[in-house]
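Trainee: Per full-length UniProt numbering, residue 135 is the first one in the sequence shown, and the count goes up by one each step.
Even for Gly, the Cβ is constructed at its ideal location relative to N, Cα and C.
Note that the coordinates shown come from a computational prediction; the quantities given were computed from them, not determined experimentally.
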Amino acid sequence: DPSTEAYRRRHEITVVGDNVPAPITSFETGGFPPEILKEIQRAGFSSPTPIQAQSWPIALQSQDVVAIAKTGSGKTLGYLLPGFLHIKRLQNSTRSGPTVLVLAPTRELATQILEEALKFGRSSRISSTCLYGGAPKGPQLRDLDRGVDVVVATPGRLNDILEMRRISLKQVSYLVLDEADRMLDMGFEPQIRKIVKEIPPRRQTLMYTATWPKEVRRIAEDLLVHPVQVTIGNVD
Ligand code: ADP
Ligand code: MG
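1) Between V330 and T240, what straight-line distance do the alpha-carbon atoms span, to the nearest angstrom?
2) Please name the residue, chosen from D319, S307, M320, R351, that lies closest to Q197 on a Cα-to-Cα basis.
3) So is the beta-carbon of T183 under 6 Å away from any non-hydrogen atom of the ligand ADP?
4) Exposed or buried, which one is M341 when buried takes at least 16 other CB atoms within 10 Å?
5) I need the straight-line Cα distance from M317 to A238, nearest angstrom please.
6) Got a sec: does the ligand ADP put a non-hydrogen atom nearer than 6 Å to the Cβ of K253?
7) Apart from the five residues just before and just after G281, which ones in its own chain have a Cβ nearer than 6 Å to its Cβ?
8) Run through DSSP, which three-state label would I260 get?
9) Apart from the five residues just before and just after L357, which ones in its own chain have a Cβ nearer than 7 Å to its Cβ?
10) Go ahead and pull the three-state DSSP assignment for I147.
11) Could you tell me which residues DSSP pairs with T343 in its beta bridges?
12) Note down the Cα distance separating R351 from V199, rounded to an integer number of angstroms.
13) Quick check on DSSP: helix, strand or coil for L309?
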C-alpha cells in the first residue's frame, strides 16, 4: 500500500518480519475502546507517535514485537494500551496473579510506567502496581494481595518476592521488557531469565530498547517467538 510506504518513509520506520500490518495513523482507527480514547483525549495527544503507530497493530494481533526507538518516542503507551486490550479480552477475573508484567531497569522508570498505567487504565478499570527495591516490601505485598492486572517491576525486587512465594506469574500472558539494553547493562540478565522461567511459554512478549547490540539480540532470540522488529530512525 503506497500510503503505508509513504508514512513509514516519512517517519523513518523500518519493519522486519512476516505479515506486518499497516501503521495506525490516528487514534480513532486504532481499534481502541472509548474508555481508552477518552484518556488519550484528556492527555491532549493529537496523533500516535511513529513507534505507537507501527507497533500497536502488531501487538494487537498478538505477535511478539522488538521495538527499537530512542528515549522520548512514546514507547510506554506503545506497549501499555495493547496490554490493556489483552487484559480485557482475557477477563482473568480470578486475579490469582497479574496478566501483564512489565520489567524495567530502575525504580524511577518503574514508577513513571506505573503512573502512565494508572492514568490511562483508570477508565478501563485496569489495576496496576509497582515493585522496586530500596523501599519496604510490606506495602508492595499488600497491593499484590489485593490482586492486580498489571505489575511493573525491577528484576531484583521481583525475584525477591518470587523467592518469598508472594507472587505467581502463572497468569502472565503479556510480558514486556522495557529498556532491555539498560537492564542488560545493569547486569539483570540472570534475574530476567529466572523470572521468565516462572511465566508459561504461551505468552506474548514485547521488547523495547534504545540500542540493538548483540547482547540484546541474543536475549531477544531466546525469549521472543518470530518477533516483528520495528526500528525508528537510525540506531546502533
Ligand atoms: P520513551 O519510553 O520512548 O522514552 P515515553 O513513553 O516515556 O517515551 O513518552 C515520552 C512522553 O511523551 C511522555 O510524557 C508521554 O506521556 C508522551 N506521549 C506518549 N505518547 C504520545 C503521543 N501520542 N502524543 C504526544 N505525547 C505522547
Ligand atoms: Mg521508556
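Mentor: From the atom records:
1) 18 Å
2) S307
3) yes
4) buried
5) 7 Å
6) no
7) R229
8) coil
9) V330, T339
10) strand
11) I202
12) 13 Å
13) strand
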